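In this note's numbering, the protein residues as written are 6 to 253. Each residue gets a CB set at the ideal place from its N, CA and C atoms; glycine is no exception. All values derive from a computational prediction rather than experimental measurement.
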Amino acid sequence: MTDLIENIIPEKIPKHIAIIMDGNGRWANEKGQDRLFGHVSGVESVRETVKTGIELGVSYLTLYAFSTENWKRPKEEVDGIMDLLITSIANEIEEFNKNGVRLLTIGEINDLPKQCAKSLNNAIELTKENSKLTLILALNYSSKWEINQALKKIAFAVKKDDIAISEITEELIHQYLFTNSIPDPELLIRTGGEYRISNFLLWQIAYSELYFTEIQWPDFRRENLVLAIIEYQNRERRFGMLSSQIAL
Ligand code: FPP
Numbered sequence: 006m007t008d009l010i011e012n013i014i015p016e017k018i019p020k021h022i023a024i025i026m027d028g029n030g031r032w033a034n035e036k037g038q039d040r041l042f043g044h045v046s047g048v049e050s051v052r053e054t055v056k057t058g059i060e061l062g063v064s065y066l067t068l069y070a071f072s073t074e075n076w077k078r079p080k081e082e083v084d085g086i087m088d089l090l091i092t093s094i095a096n097e098i099e100e101f102n103k104n105g106v107r108l109l110t111i112g113e114i115n116d117l118p119k120q121c122a123k124s125l126n127n128a129i130e131l132t133k134e135n136s137k138l139t140l141i142l143a144l145n146y147s148s149k150w151e152i153n154q155a156l157k158k159i160a161f162a163v164k165k166d167d168i169a170i171s172e173i174t175e176e177l178i179h180q181y182l183f184t185n186s187i188p189d190p191e192l193l194i195r196t197g198g199e200y201r202i203s204n205f206l207l208w209q210i211a212y213s214e215l216y217f218t219e220i221q222w223p224d225f226r227r228e229n230l231v232l233a234i235i236e237y238q239n240r241e242r243r244f245g246m247l248s249s250q251i252a253l
């Protein structure tokens, strides 16, 4: 059997893939299990996606792991996700270092439970020299909030005369986002059969290709990522231009 991967064009691998990992709860409920079982199972999909990303030469992978809206979920589920993060991060550090994975986060990490923030900051420090793939976990993250805090900082800098209004360009705004050291994603994937962006990277996905799949996150495997990349490679990215101009 030929591997699907042979259909991938190596020169057109997206440098940055962002994923909205959805469907954990429904996947677990369909199996008569509680929602947390879905999140625990989703960690294996995270592992496989990181591994496949490295294999294909993806440089940045951003995963939407916990939004600011997710705090509204039952306490039991929120506590479970936080505990899962602490144990998963601790378990993965060795593997990250072996495979060249650098961990970063976007979102208000310091408002997470103390132990969780500590474990993340520790993993960020221990993996900071790695350079194969940067894994960015969006945690306690909301895009509108990110843009709001950027606007406040820019307004403050203008008020102090550090920035002139004429200097507020797209590049400058990018500097004030959590993602200031990261290129925008070329491909955004959402699993779980919902067709929404859910307050994720609104500024950064202006020209990203969007890929939605019915697959629930705990079922997302290597071949699903490969299929998404193949579809991405078959799309024409025009950035507002005409096909004839792209071909030039
Ligand atoms: C969305 O599914 C999933 C989450 C809000 C949490 C995702 C967290 C993990 C997979 C664990 C992360 C671990 C690491 C190491 C990054 P949902 O609960 O919204 O599912 P539903 O739509 O079926 O209810």
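Asked                                                                                                      : Found
Euclidean distance between Cα positions of N229 and E16                                                    : 20 angstroms
Per DSSP, the bridge partner or partners of R240                                                           : DSSP, once it has assigned bridges, lists no residue as partnering R240.
For I152 and T7, the rounded distance between their alpha carbons                                          : 45 angstroms
Buried or exposed (CB count within 10 angstroms, at least 16 for buried), R40                              : buried
I22 versus E74: straight-line alpha-carbon distance, rounded                                               : 23 angstroms
Q120 to I91 span [Cα, whole Å]                                                                             : 7 angstroms
Proximal residues to M87 (C-beta, below 6 angstroms), its chain only, five neighbours per side dropped     : P118 and C121
First and last residue of the uninterrupted beta strand (DSSP E) at E11                                    : Per DSSP, E11 belongs to no beta strand (DSSP E) and is neither H nor E.
Sub-8 angstroms separation of G69 and A160 beta-carbons                                                    : What sits at residue 69 in the sequence shown is Tyr, not Gly. Not closer than 8 angstroms, so no.
Alpha-carbon to alpha-carbon, K157 and I173                                                                : 13 angstroms
Host alpha helix (DSSP H) of I91 (start-end)                                                               : K80 to N104
Residue from I24, I14, L9 and E11 with nearest C-alpha to Q209                                             : I24
M246, buried or exposed, once every other Cβ within 10 Å from all chains shown has been counted against 16 : exposed
Of the listed residues Q154, K20 and S249, nearest to L265 (C-alpha basis)                                 : In the structure as shown, the chain starts at 6 and stops at 253, and residue 265 therefore has no counterpart that could be examined.
Alpha-carbon to alpha-carbon, K77 and S64                                                                  : 33 angstroms
D224 versus R195, E11 and N204, residue with shortest Cα-Cα distance                                       : R195
Supposed contact pair L140 and I94 - C-beta distance, whole angstroms, cut 8 angstroms                     : I94 to L140, Cβ: 10 angstroms. No contact.
DSSP beta-bridge partners of R107                                                                          : T139
C-beta atoms of H44 and N34 nearer than 8 angstroms                                                        : no
Inside the region 146 to 209 only - beta strand (DSSP E) runs reaching at least 3 residues                 : 192 to 195
Chain C contact for S147 (CB, 8 angstroms cutoff)                                                          : Looking at the structure shown, chain C is missing, and only one protein chain is on hand.
Opening and closing residue of the beta strand (DSSP E) in which F217 lies                                 : E214 to F217
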